[in-house]
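Data block below; observations after.
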Amino acid sequence: MTTATAVPTTIPFVDLKAQYRALKPDMDEAIQSVLDRAAFILGPETTKFENAFAAYIGVKHAVGVCSGTDALEMALRGCGIAAGDEVLTVANTYIATCEAISLAGAEVRWVDCDPKTYNMDASQLEKAITPRTKGIMPVHLYGQPADMDPIMAVARKHGLRVIEDCAQSHGALYKGRKTGTFGDAACFSFYPGKNLGAYGDAGAVVTNDDALADEVRLLRNHGQRQKYIHLRVGACHRLDNLQAAVLGVKLPHLDGWNRNRRRVAKWYDEKLKSVPNLVTPYCPDTVEAVYHLYVVQVPNRDEVQKRLEADGIETGIHYPIPLHEQPAYAHLGHKPEDFPASHALGPRILSLPMFPEMTEEQVDRVVERLKAALR
Ligand SMILES: *Cc1c(COP(=O)(O)O)cnc(C)c1O
């Protein structure tokens, strides 16, 4: 672990070991307790975490499932979206957003992102709507809320379902309201590196809709409410009870971790603001971001990344190739220029180290090496 004063020789992109060390006694006890009771599937920890997470987001229901990707697919299916339907989302997101739409049997239709916020450009939604469009899946990318008011206005006007992809936005606020409370449903990932992460794959669907919550509960557990009575062809997509125990220990710390992430982001913002040829994140004052990622734009990104790596600084790229240019979606026949903002970001974006335990000394070192790499 890095102390407050020592300048570390390498700076990781995220530091999950530091977080575990801080939680170790509580975490070990919670895990041991599940083992002692052999309460592995849909145990009391799952119900307890679902209730606590629903209360944290401010919705009636949270249904624990096995990943963020499966959460998205089940939310879509729960909304009745299926083969023959189209769902609108952004081209600059993680593949899982689109996979979920495809796995539900529907067609993906993309809109471009706003080049400043990197989130869904709501002004492009209406012209993308066809008679088959049934839903919109906005993504709160990098932990910054998408512009939900205009998105919800288009959805209401055209009778579309909205499923928020909150995989990067646990606790983020849009006009003072948490992401995950705007759409018909919202989906969270608890992949280990997310702002709230399990020790394996996990996710949740949240909603205020009783019937939708019930449907997702059916779908995640072989379509059964009662053992061996299968009302739907469902799936084996339950939240693992050991992961629920892990998440239950971590949830009370989420706001503190998000505060620390914002502090790290502020250090970066201040120390990078006058660096030529570098674009820092633009955050409108209607949102409070939770900085799942801190993404800058630089020229010669691959070269800059290599130089940082040589200096012991781990970075990431989220994401190098937009989805309309991926081989998996070649059948949709898009050209790179169809979504110019998403296309332009691919070769320019760079995600800097970002984790709640990061110290100002570590930020200073990243900034210093980044400036040197840009010279
Ligand atoms: C991580 C992520 C997902 C998928 O979550 P998993 O738990 O890894 O399946 C979906 N959408 C976005 C934007 C993500 O970052």
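Under my numbering, the first residue of the sequence shown is numbered 1, with each subsequent residue one higher. From the three backbone atoms N, C-alpha and C, an ideal C-beta is built for every residue, glycine too.
| Item | Value |
| --- | --- |
| Suppose you measure from the CA of Pro-284 to the CA of Ala-328; what does that come to, to the nearest Å? | 34 Å |
| Could you tell me which of Met-120, Ala-71 and Lys-116 sits nearest to Ala-96, measuring between CA atoms? | Ala-71 |
| Near Arg-109, which residues of its chain fall below 6 Å by C-beta distance, leaving aside the five closest residues on each side in sequence? | Glu-86, Leu-88 and Ala-128 |
| Excluding sequence positions up to five away, which residues of its chain have a Cβ less than 6 Å from the Cβ of Gly-43? | Asn-241 |
| Cutting at 6 Å between CB atoms, please list the residues of its own chain near Gly-143, excluding the five before and the five after it. | Gln-168, Ser-169, Ala-172, Ala-289, Val-290, Tyr-291 and His-292 |
| For Gly-234 versus His-222, is the C-beta spacing smaller than 8 Å? | yes |
| For the segment 49–68 and the segment 258–267, state whether three or more C-beta atom pairs, one from each stretch, are separated by less than 8 Å. | no |
| Using three-state DSSP, classify Met-120 as helix, strand or coil. | strand |
| Could you tell me the distance, in whole angstroms, from the CA atom of Asn-119 to the CA atom of Phe-40? | 38 Å |
| Can you find a heavy atom of ligand 1 that lies under 7 Å from the Cβ of Val-139? | yes |
| Are there 16 or more other CB atoms within 10 angstroms of the CB of Lys-134, so buried, or fewer, so exposed? | buried |
| Between the C-alpha atoms of Gly-333 and His-343, what's the straight-line distance to the nearest angstrom? | 15 Å |
| Which of the three DSSP states, helix, strand or coil, is assigned to Ala-62? | strand |
| I'd like the ranges of any alpha helix (DSSP H) spanning at least 4 consecutive residues and lying wholly in the segment 198–270. | 210–220 and 241–250 |
| Any heavy atom of ligand 1 closer than 7 Å to the CB of Gly-143? | no |
| Which full runs of the beta strand (DSSP E) of 3+ residues lie inside the segment 25–73, going along the chain? | 61–65 |
| Starting from Gln-305, trace the beta strand (DSSP E) both ways and give me its first and last residue. | Counting along the chain, Gln-305 falls outside any beta strand (DSSP E), though it belongs to the alpha helix (DSSP H) covering 301–310. |
| Which residues in the same chain have their Cβ closer than 8 Å to the Cβ of Thr-315, if we skip the five residues on either side of it in sequence? | Phe-13, Gln-305, Leu-308, Glu-309, Leu-350, Ser-351, Leu-352 and Pro-353 |
| If distances are taken between C-alpha atoms only, which option among Leu-231, Thr-280 and Ala-22 comes closest to Pro-115? | Thr-280 |
| In angstroms, rounded to a whole number, what distance separates the CA positions of Lys-60 and Leu-231? | 23 Å |
| Would you kindly work out how many angstroms separate the C-alpha atoms of Leu-16 and Lys-194, rounded to a whole number? | 10 Å |
| Using the C-alpha atoms, what's the distance from Leu-160 back to His-253? | 35 Å |
| Once you ignore the five residues that flank Leu-23 on each side, which residues in its own chain have a CB closer than 8 Å to its CB? | Val-249, Lys-250 and His-253 |
| Confirm the yes/no value for this check: CB of Ser-342, any heavy atom of ligand 1, distance under 7 Å. | no |
| I need the boundaries of the alpha helix (DSSP H) containing Gln-362, first residue and last residue. | 360–374 |
| Mind checking whether Val-205 and Val-65 have CB atoms under 8 Å apart? | yes |
| Helix, strand or coil for Ala-185? Go by DSSP, reduced to three states. | strand |
| If you measure from each CB to the nearest heavy atom of ligand 1 and keep those under 6 Å, what residues do you get, in chain order? | Ser-67, Gly-68, Thr-69, Thr-93, Tyr-94, Ala-96, Thr-97, Val-139, Asp-165, Ala-167, Gln-168, Ser-189, Tyr-191, Asp-201 and Gly-203 |
| In chain order, which continuous runs of the alpha helix (DSSP H) of length 4 or greater are located wholly inside the segment 334–360? | 340–345 |
| Do you know offhand how far Thr-2's Cα is from Gln-362's? | Because Thr-2 carries a pLDDT of 49, less than 50, the predicted location of this residue cannot be relied on, and the following value inherits that uncertainty. Between Thr-2 and Gln-362, the C-alpha separation is close to 9 Å. |
| With distances taken Cα to Cα, identify the nearest neighbour of Arg-177 among Ala-245, Pro-145 and Ala-91. | Pro-145 |
| How is Lys-175 classed by DSSP in three states: helix, strand or coil? | coil |
| Measuring from the CB of Thr-89, is there a heavy atom of ligand 2 at a distance below 7 Å? | Only ligand 1 can be found as ligands here, which leaves ligand 2 out of the picture. |
| May I ask you to report which of helix, strand or coil DSSP gives Cys-113? | strand |
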